[in-house]
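Read in order, the letters of the sequence shown are residues 1 to 395 in this note's numbering. Using N, Cα and C, we set each Cβ at its ideal position, and we do this for glycine too. These numbers were taken from a predicted model, which means no experiment stands behind them. Some notes on the structure that comes next.
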Amino acid sequence: MRAATCTPVNFPTDDHFFGRDTGLLCRGFQELDVECLVILPGDATLETRSDVIRTTAENLADTAWWRDLKLDLVVLYAWGDPRYQNVATAIREAGIRLVQSLYTAGLTTPYGNFPEWRKCFLGLLTSPFPAATKLKLVMRSVRDFIPAIHEKKRVTMLANCDALAAVSDPASKSVAGYVTALGQPEIAEKLFIVPHCVVPSMVFHASEHRKIRKVLVVGRWTAEDRTQKDPELTVAVLGHFLTQEPAWTAEIVGRDAGALSTLARKFGDAVRARLTLTESIPREQLVSRYQESDILLCASRFESFHISSAEALCCGCSIVATDHPLMASAAWFVTKQSGRLAPNRNLETLVTILRAEAASWQSGTRDAATISENWRAVLHAKNVAQSIIARLGLA
Numbered sequence: 001m002r003a004a005t006c007t008p009v010n011f012p013t014d015d016h017f018f019g020r021d022t023g024l025l026c027r028g029f030q031e032l033d034v035e036c037l038v039i040l041p042g043d044a045t046l047e048t049r050s051d052v053i054r055t056t057a058e059n060l061a062d063t064a065w066w067r068d069l070k071l072d073l074v075v076l077y078a079w080g081d082p083r084y085q086n087v088a089t090a091i092r093e094a095g096i097r098l099v100q101s102l103y104t105a106g107l108t109t110p111y112g113n114f115p116e117w118r119k120c121f122l123g124l125l126t127s128p129f130p131a132a133t134k135l136k137l138v139m140r141s142v143r144d145f146i147p148a149i150h151e152k153k154r155v156t157m158l159a160n161c162d163a164l165a166a167v168s169d170p171a172s173k174s175v176a177g178y179v180t181a182l183g184q185p186e187i188a189e190k191l192f193i194v195p196h197c198v199v200p201s202m203v204f205h206a207s208e209h210r211k212i213r214k215v216l217v218v219g220r221w222t223a224e225d226r227t228q229k230d231p232e233l234t235v236a237v238l239g240h241f242l243t244q245e246p247a248w249t250a251e252i253v254g255r256d257a258g259a260l261s262t263l264a265r266k267f268g269d270a271v272r273a274r275l276t277l278t279e280s281i282p283r284e285q286l287v288s289r290y291q292e293s294d295i296l297l298c299a300s301r302f303e304s305f306h307i308s309s310a311e312a313l314c315c316g317c318s319i320v321a322t323d324h325p326l327m328a329s330a331a332w333f334v335t336k337q338s339g340r341l342a343p344n345r346n347l348e349t350l351v352t353i354l355r356a357e358a359a360s361w362q363s364g365t366r367d368a369a370t371i372s373e374n375w376r377a378v379l380h381a382k383n384v385a386q387s388i389i390a391r392l393g394l395a
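Dropping the structure here:
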């Protein structure tokens with residue numbers, strides 16, 4: 001069997017690329033002893049890896065070019081974007097099995113689930129975005145009500161595959177409702193779950209690792225990310241939680257985490273001493289943070305998948321997040337006795353849910369080894385690749 005992952009964007013193929021998404025899925029296939037390549041546009045003369053093919057946009061849309069590669073399977077990360085219809089068509093016309101990855105927690109449009117779309121629209125509109133960003137949001141929403149402009153083209157793109165990959169169960173249901181509402185229920189039959197992969201180092205073994213009463217938060221805290229990550233609410237939740245739970249500690253990890261110290265000062269020295277702010281660290285150090293923590297908290301306003309939650313689950317953490325369509329995958333992450341959702345994204349509710357989750361750990365309701373085992377079987381790159389092979393009935 002010969003497979004490839006493909007993205008139509010010129011990304012650098014560095015360690016970061018091969019640690020997530022298309023690059024990591026390629027490694028997952030390789031772990032199964034399947035010959036797998038990464039295909040993407042760019043200058044071939046600058047590429048140093050033997051398992052990467054750089055080519056032109058014209059070749060990506062050329063059936064003969066794809067046929068010459070003698071592939072059995074391509075996983076295309078094109079987000080269901082109609083701009084890449086010619087790439088999907090060329091792959092299928094070359095006789096290659098095609099899986100399209102939607103790379104999103106769902107298709108939140110007025111079609112299929114109007115209340116869900118309305119909650120998303122209002123959630124984004126009330127977020128502290130610049131006025132220009134909010135104007136774009138309103139204009140895009142107007143477009144959503146006129147299917148002929150964009151939606152029918154996207155549905156045509158989604159139909160152009162052998163299987164359609166959604167990143168989680170809630171995402172799959174959202175997409176199924178969307179295509180059914182637009183008169184294409186047969187597309188829903190192609191859907192299956194292909195989550196974003198997690199590297200094999202993300203594990204928890206009770207014989208090797210020890211949990212402590214700790215809440216972990218991982219994210220980017222730069223100025224451009226603050227609207228999404230909401231550091232003000234995150235620090236407030238942790239501050240109030242630590243005030244009420246003196247046996248627990250917490251740590252926030254990520255770029256510019258140190259800048260959040262001003263938000264933590266109001267909680268006093270006793271609480272501040274149990275809240276650690278850590279700048280970006282190498283992956284191996286991040287793994288140890290996951291392995292020692294009980295709970296991963298995500299207080300973001302929106303996340304498409306939240307890879308940190310997936311990594312934390314594989315390391316035996318449970319998840320606390322918000323129940324909202326802008327956080328759709330969180331509803332999947334808390335299954336398998338793996339966490340709780342806050343019904344509202346506000347300080348009081350999140351603190352209450354976080355304390356309830358802490359109580360579950362203290363009472364023995366949560367088991368780190370079981371959480372890790374359950375989610376590694378779903379999220380580790382090798383297992384994700386195996387699920388794709390099984391779904392298409394390939395050897």
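Requested in this report: Identify every residue that forms a DSSP beta bridge with Tyr77.
Outcome: Taking the sequence shown and counting its residues from 1, one reaches residue 77 at position 77. Paired residues: Ser101.
Query raised in the report: When the Cα atoms are used, what is the spatial distance from Phe11 to Leu40?
Result: Here residue 11 corresponds to residue number 11 of the sequence shown, with the count starting at 1. Here residue 40 corresponds to residue number 40 of the sequence shown, with the count starting at 1. Spanning the two alpha carbons is a distance of roughly 8 Å.
Report task. Output the distance between the C-alpha atoms of Pro195 and Asp21, rounded to the nearest integer angstrom. Result -> Translated into the one-based positions of the sequence shown, residue 195 becomes position 195. Translated into the one-based positions of the sequence shown, residue 21 becomes position 21. Distance between the alpha carbons of Pro195 and Asp21 is about 9 Å.
Query raised in the report: Where Thr243 and Leu233 are concerned, what is the direct C-alpha to C-alpha distance, given to the nearest angstrom?
Result: On the sequence shown, residue 243 is found 243 positions in, with the first residue counted as 1. On the sequence shown, residue 233 is found 233 positions in, with the first residue counted as 1. Approximately 15 Å, taken between the alpha carbons.
Query raised in the report: How would you call Gln291, buried or exposed, if buried means at least 16 neighbouring beta carbons within 10 angstroms?
Result: For the purposes of this step, residue 291 is identified with residue 291 of the sequence shown, where counting begins at 1. It is buried - the Cβ of Gln291 has at least 16 other Cβ atoms within 10 Å.
Query raised in the report: Where Asn346 and Cys298 are concerned, what is the direct C-alpha to C-alpha distance, given to the nearest angstrom?
Result: Numbered from 1 along the sequence shown, position 346 holds the residue referred to as residue 346. Numbered from 1 along the sequence shown, position 298 holds the residue referred to as residue 298. So the two alpha carbons sit approximately 12 Å from each other.
Query raised in the report: In or out: Phe114 buried (at least 16 other Cβ within 10 Å) or exposed?
Result: The residue given as residue 114 occupies position 114 in the sequence shown. Counting Cβ neighbours within 10 Å, Phe114 comes out exposed, since fewer than 16 surround it.
Query raised in the report: CA-CA distance, Arg283 and Gln362?
Result: To locate residue 283, count along the sequence shown from 1; it is residue 283. To locate residue 362, count along the sequence shown from 1; it is residue 362. Rounded to whole angstroms, Arg283 to Gln362 spans 28 Å at the Cα level.
Requested in this report: Would you identify the three-state DSSP class for Lys70, choosing helix, strand or coil?
Outcome: Start at 1 with the first residue of the sequence shown, and residue 70 comes out as number 70. Coil, per DSSP.
Report task. With a 10 Å radius around its C-beta and 16 neighbouring C-beta atoms as the bar for buried, classify Leu135 as buried or exposed. Result -> Indexing the sequence shown from 1 puts residue 135 at position 135. Flag for Leu135 reads exposed.
Requested in this report: In angstroms with no decimal places, state the Cα-to-Cα distance between Ala358 and Cys197.
Outcome: Within the sequence shown, numbered from 1, the residue matching residue 358 stands at position 358. Within the sequence shown, numbered from 1, the residue matching residue 197 stands at position 197. When rounded, the distance between both Cα atoms is 27 Å.
**Report entry** Where Met202 falls, given that 16 or more other Cβ within 10 Å makes a residue buried
**Finding:** As a working mapping, residue 202 is identified with position 202 in the sequence shown. Per the 10 Å Cβ criterion, buried.
Query - Helix, strand or coil at Val320 [DSSP, three-state] - result: Here residue 320 is taken as the residue at index 320 of the sequence shown, counted from 1. Shown here, Val320 sits in a strand according to DSSP, grouped into three states.
Report task. Taking 8 Å as the threshold, find out whether the stretch 381-390 comes into contact with the stretch 17-34 through three or more Cβ pairs. Result -> yes
Query raised in the report: Nearest-angstrom Cα distance between Lys484 and Leu238?
Result: Examination of residue 484 is not possible in this model, given that the chain is present from 1 through 395 alone.
Query - Residue burial classification, Pro325 (beta-carbon count within 10 angstroms, cutoff 16) - result: By one-based count along the sequence shown, residue 325 stands at place 325. By the 10 Å Cβ count, Pro325 comes out buried.
Report task. Look at the alpha carbon of Ala132 and the alpha carbon of Ser207, and state the distance between them as a whole number of angstroms. Result -> Translated into positions along the sequence shown, residue 132 becomes position 132. Translated into positions along the sequence shown, residue 207 becomes position 207. Cα to Cα, Ala132 sits roughly 53 Å from Ser207.
Requested in this report: Could you tell me whether the stretch 165-179 touches the stretch 90-102, using the rule of 3 or more Cβ pairs below 8 Å?
Outcome: yes
Query raised in the report: Mapping DSSP to helix, strand and coil, what is Arg2?
Result: The residue you call residue 2 lines up with position 2 of the sequence shown. Strand at Arg2.
Query raised in the report: Bridge partners of Gly339, per DSSP?
Result: For this step, residue 339 is matched to residue 339 along the sequence shown. Looking at the DSSP output, Gly339 bridges to Ile319.
Query raised in the report: Whole alpha helix (DSSP H) runs in the stretch 195-233 with 4 or more residues, listed along the chain?
Result: 226-229
Query raised in the report: Counting pairs of Cβ atoms below 8 Å between the stretch 253-273 and the stretch 159-168, do you hit three or more?
Result: No: the two stretches stay apart, fewer than three of their Cβ pairs being nearer than 8 Å.
Report task. Mind checking which residues open and close the alpha helix (DSSP H) that includes Ala165? Result -> Within the sequence shown, the letter at position 165 stands for residue 165. No alpha helix (DSSP H) holds Ala165; the beta strand (DSSP E) holding it covers 163-166.
Report task. Tell me, please, whether the stretch 75-87 touches the stretch 139-147 by the rule of three or more beta-carbon pairs shorter than 8 Å. Result -> no
Report task. Could you tell me which of Gln285, Ala259, Ser293, Ala247 sits nearest to Val271, measuring between CA atoms? Result -> Position 271 of the sequence shown, counted from the first residue, corresponds to residue 271. Minimum Cα distance to Val271 is reached at Ala247.
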